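Everything below concerns the one structure shown next.
Numbering (my numbering), first residue to last: 7 to 216.
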């Protein structure tokens, strides 16, 4: 369907053809072109099939590798300066409050591991870390908070926050279980592109849950 991962990828491929023929790239095509064309850029060598769990080998996720993994969901991250930068912190959390109000997430808190693709789960907000404290773990090198977004709402949610991000940076990526590809090959920034520390990733096969 139009809002399935396959539908997004089909529309993205059409957009790529269109932009290549005209030589023009529009910023508002990020969700369709940079984020949703799984496997369109880069090369990846999948794990040895024998090392994958039996559920994968026996077809629970289909005949997939990390080159063609199914995208089950997305994350939207807002990255900002923290620690003693009280003005940026206040601005970033004002944006978070507005997103939560816009998508009615006040009672929808993500209570699962951030690396879990969670097929079929509704949109929710991950509890944020205290932005006044030093970073302690994770792939991000600055303060951030995030939202879990199902495929059916990704275009609306990503468009809303990119148009209202202000001085902050937005990082968009899919969740397939292949964390390296999800964050480094199939992702997109709106604003500044921050470095991602991929040594924090522990999942690297389709459908993997940390």
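The C-beta atom is built at its ideal place from N, Cα and C for all residues, glycine as well. If you're wondering where the values come from, they're calculated on a predicted model, not measured in any experiment.
Discussion item. Please report the straight-line C-alpha distance between residue 85 and residue 70, rounded to a whole angstrom.
Written reply: 32 Å
Discussion item. Suppose the cutoff is 6 Å on Cβ atoms and the five residues either side in sequence are ignored; what does the same chain contact list for residue 153 look like?
Written reply: 82 and 131
Discussion item. If you follow the beta strand (DSSP E) that residue 152 is in, where does it begin and where does it stop?
Written reply: 149–155
Practice prompt. Please classify residue 182: does DSSP put it in a helix, a strand, or coil?
Written response: coil
Worksheet entry | For residue 90 and residue 129, the rounded distance between their alpha carbons | 31 Å
Discussion item. If distances are taken between C-alpha atoms only, which option among 136, 137, 114 and 133 comes closest to residue 127?
Written reply: 114
Fill in: Cβ distance (whole Å) where residue 200 is taken to contact residue 148 below 8 Å
6 Å
Fill in: Per-residue DSSP class, three states only, for residue 117
coil
Worksheet item: Out of 125, 98, 100 and 144, which has the shortest C-alpha to C-alpha gap to residue 206?
Response: 144
Discussion item. I'd like the list of long-range same chain contacts for residue 94, defined as Cβ closer than 6 Å, with 5 residues on each side in sequence excluded.
Written reply: 86 and 87
Item to complete: Return the CA-CA distance between residue 167 and residue 194, expressed in angstroms with no decimal places.
Response: 13 Å
Worksheet item: Quick one: is the Cβ of residue 182 within less than 7 Å of any heavy atom of the ligand SAH?
Response: Because no ligand of any kind appears in the structure shown, any question about the ligand SAH cannot be addressed here.
Worksheet item: How do the region 107–125 and the region 206–216 stand: do at least 3 beta-carbon pairs fall below 8 Å, yes or no?
Response: yes
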